[in-house]
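Numbers in this note's numbering are just positions in the sequence shown, counted from 1, shifted up by 9.
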Amino acid sequence: MKIAVIGLGFVGLSLTSVLASKGNNVIGIDVDVEKCKKIRSGIAPFFEPDLEKMLRIGLKKKLTITDDFSLVKDCDMIFVAAGTPQKSNGAIELSMIKKAVTSIGRVLAKSKKSPIVLIKSTVIPGTMQNVILPILERRSGKKAGREFGLISNPEFLQESSAIRDTKFPHVIVLGGYQTKFMKKAKSFFSKLHPNVSITITNHQTAEMIKYANNSFLATKISFINQLSNICQNIPGANIDDIAKTIGLDPRIGALFLNAGPGYGGSCLPKDMKALIDFANKIGINPTLLNAVEKTNQKQIQNIVSIMENTLGTLASKRITVLGTAFKPNTDDVRDSIAIELIKKLLKKKAKITVHDPKAIRNTKNVFGGKICYDESITRALNNSHCAIIMTQWKQFGELNNKSIKCMKRKLIIDCRRILANKKLDAEYYALGIGK
Ligand code: NAD
């Protein structure tokens, strides 16, 4: 069996590498020629634990990386993992996925195969029926369900554990018509992931499952952040003890209750906005989802207020931002709250120095020469009026009195409470711990 994966980002490259490392005949395709070159030489274009190792195993087996769509013609399964970012009004941007399926359709027109096209990209309900299926049928001149299969196969991996999540998913969702293609797909996934539950449903339900998943996670985060803000005003209250304890209730669960500066990253903010936009368009006022988003957007303002209440005007104040990656163990800064914070601080004319163990290069792509960068935490803190811990990198837990010695004013705002148990000779504010 030959498998193609279209779009070699976090989702597509993880899938490509895992499938190829198991000896499958895999073709990874991306429109970005430079990216393809890098991947072909065994270099992952972004940091993701174990990805490069898995990619190199795959490259020694039967993995081809190319920008040439014509190779899709011999494939039995075609996974699509092109990006689906957001437009400036929050609506989903489908141009990349439309282009990808147009290219697949053109190749299918000349192919003798009857492949299954599986859409991994996150798309708003109705996209398969109303957008992707018509493009594929029109471009290929073939009928879905008879001459090729079309299945919604949303992805649930998390960046920073993308390889582990691809190898050991918690669920497989297959949406579409009950055809021979669905049977084949079910058999493929049951062999690949024995003992993993498979939900077989229609396209629109599969599409909605992905949004239900992410909007629930975002809701948990905004919930705990709001409680964290309340705790901050109850002297002695500690949000972590509260989260840990309610997380023991199996009806609640422990994950995604880590209070902080708000949710960011390439998925939760854009998926929330797309779902809100979709709900409004179909006449549902998404009051809860709106509140979740608003709570998230306000969280960053709380941080700026703590700074202003302690430092006064931020103009010309030197602020060290520790962590710009949207979470630890990734270099991804897309929609990272730290990036939003820096933008706000720059508007207030603060002078910013950034340190991040992995994301300095991507941060430079956003801010260029407008801010300073340092590979060493201690140097980044030199002469600073305030350090703010944004990302939960475990390295930041090693900060001590020696590392902050050279700060001009020893003010530390710890959005992750990493230093809460340390005796620091500093003015220390931790989100979620009452003063
Ligand atoms: P990404 O931006 O990292 O990668 C997308 C890739 O698609 C890029 O390499 C881009 O060059 C390529 N591409 C764009 N147009 C193309 C085309 N016409 N043909 C071939 N390649 C094309 O995106 P990602 O983070 O991997 O996400 C992909 C999809 O999966 C999105 O819909 C996203 O919402 C969803 N998703 C992402 C995650 C995550 O954690 N990143 C998790 C679950 C689901």
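Glycine included, every Cβ here is placed at the ideal spot set by N, Cα and C. As the structure is a prediction and not an experimental result, all values here were calculated from the model.
Please name the residue in the options whose C-alpha comes closest to that of residue i.
i, options, result
"Leu-298", "Lys-290, Leu-284, Gln-308, Ile-291", "Leu-284"
"Asn-391", "Asp-344, Glu-302, His-364", "His-364"
"Ala-324", "Lys-358, Asn-311, Glu-349, Asp-344", "Lys-358"
"Lys-367", "Cys-395, Leu-28, Thr-131, Gln-404", "Gln-404"
"Ile-87", "Gly-32, Pro-54, Leu-145, Phe-287", "Leu-145"
"Ser-237", "Ala-227, Ile-248, Ser-231", "Ile-248"
"Pro-94", "Pro-178, Leu-72, Gly-158, Val-132", "Val-132"
"Ile-52", "Asn-33, Pro-337, Leu-22", "Leu-22"
"Asn-410", "Gln-401, Trp-402, Glu-384, Tyr-437", "Tyr-437"
"Arg-425", "Gly-18, Cys-381, Ile-346, Ile-261", "Ile-346"
"Gly-16", "Val-313, Phe-78, Gly-321, Ile-172", "Phe-78"
"Lys-71", "Glu-61, Ser-104, Ser-30", "Ser-30"
"Glu-384", "Ala-109, Ile-369, Phe-376", "Ile-369"
"Gly-441", "Ile-315, Pro-337, Gly-150", "Ile-315"
"Gly-24", "Thr-175, Ala-109, Asp-280, Lys-290", "This sequence places Leu at residue 24; Gly is not what is there. Answer by Cα proximity: Thr-175."
"Leu-354", "Pro-295, Pro-337, Thr-322", "Thr-322"
"Phe-232", "Ile-427, Thr-214, Ile-255", "Ile-255"
Using the three-state DSSP reduction, which class does residue i fall into: helix, strand or coil?
i, result
"Thr-447", "The requested residue 447 does not occur in the structure, where the chain is confined to residues 10 to 444."
"Phe-197", "helix"
"Glu-156", "coil"
"Glu-61", "helix"
"Ser-161", "strand"
"Lys-71", "coil"
"Gly-184", "strand"
"Gln-95", "strand"
"Ile-386", "helix"
"Tyr-437", "strand"
"His-212", "helix"
"Leu-127", "strand"
"Ala-118", "helix"
"Cys-395", "strand"
"Val-205", "coil"
"Cys-45", "helix"
"Ala-109", "helix"
"Met-86", "strand"
"Gly-406", "helix"
"Gly-274", "coil"
"Asn-289", "helix"
"Cys-381", "strand"
"Leu-166", "coil"
"Asp-423", "strand"
"Ile-101", "strand"
Exposed or buried, residue i, counting other C-beta atoms within 10 Å across all chains shown (16 or more means buried)?
i, result
"Gln-241", "buried"
"Asn-374", "exposed"
"Asn-318", "exposed"
"Glu-57", "buried"
"Pro-134", "buried"
"Asn-98", "exposed"
"Pro-124", "buried"
"Asn-139", "exposed"
"Gln-310", "exposed"
"Pro-270", "buried"
"Asp-280", "buried"
Keeping to the same chain, check which residues put their C-beta closer than 6 Å to that of residue i; ignore five residues upstream and five downstream.
i, result
"Asp-83", "Lys-11"
"Arg-148", "Thr-111, Gly-114, Arg-115"
"Ala-246", "Cys-240, Gly-443"
"Asn-397", "The identity of residue 397 in the sequence shown is Ile, whereas the question assumes Asn. Answer for Ile-397: Val-330, Ile-422, listed in chain order."
"Lys-47", "Pro-54"
Heavy atom of the ligand NAD less than 6 Å from the Cβ of residue i, yes or no?
i, result
"Val-116", "no"
"Lys-445", "Look at the range of the chain in this structure, 10 to 444, and you will see that residue 445 is not part of it."
"Ile-15", "yes"
"Gly-378", "no"
"Asp-41", "yes"
"Phe-88", "no"
"Gly-18", "yes"
"Gly-92", "yes"
"Leu-168", "Inspection of the sequence shows that residue 168 is occupied by Glu rather than by Leu. The answer is yes for Glu-168."
"Thr-73", "no"
"Cys-276", "yes"
"Glu-102", "no"
"Met-105", "yes"
"Lys-108", "yes"
In chain order, what residues of the same chain have a beta carbon less than 8 Å from the beta carbon of residue i, not counting five sequence neighbours either side?
i, result
"Ser-474", "Beyond the ends of the chain as shown, which are 10 and 444, falls residue 474; an answer cannot be given."
"Ile-181", "Asn-162, Phe-198, His-202, Val-205, Ser-206, Ile-207, Thr-208"
"Leu-320", "Lys-326, His-394, Cys-395, Arg-418, Leu-420"
Considering only residues of the same chain and omitting the five flanking positions on each side of residue i, which have a CB-CB separation below 7 Å?
i, result
"Thr-75", "Ile-36, Ile-38, Cys-45"
"Tyr-272", "Ala-227, Ile-230, Pro-278, Asn-305"
"Gln-235", "Thr-304"
"Leu-68", "Gly-51"
"Ala-334", "Asp-340, Asp-341, Val-342, Ser-345, Asp-365, Lys-367, Ala-368, Thr-400"
"Leu-142", "Ala-153, Leu-159"
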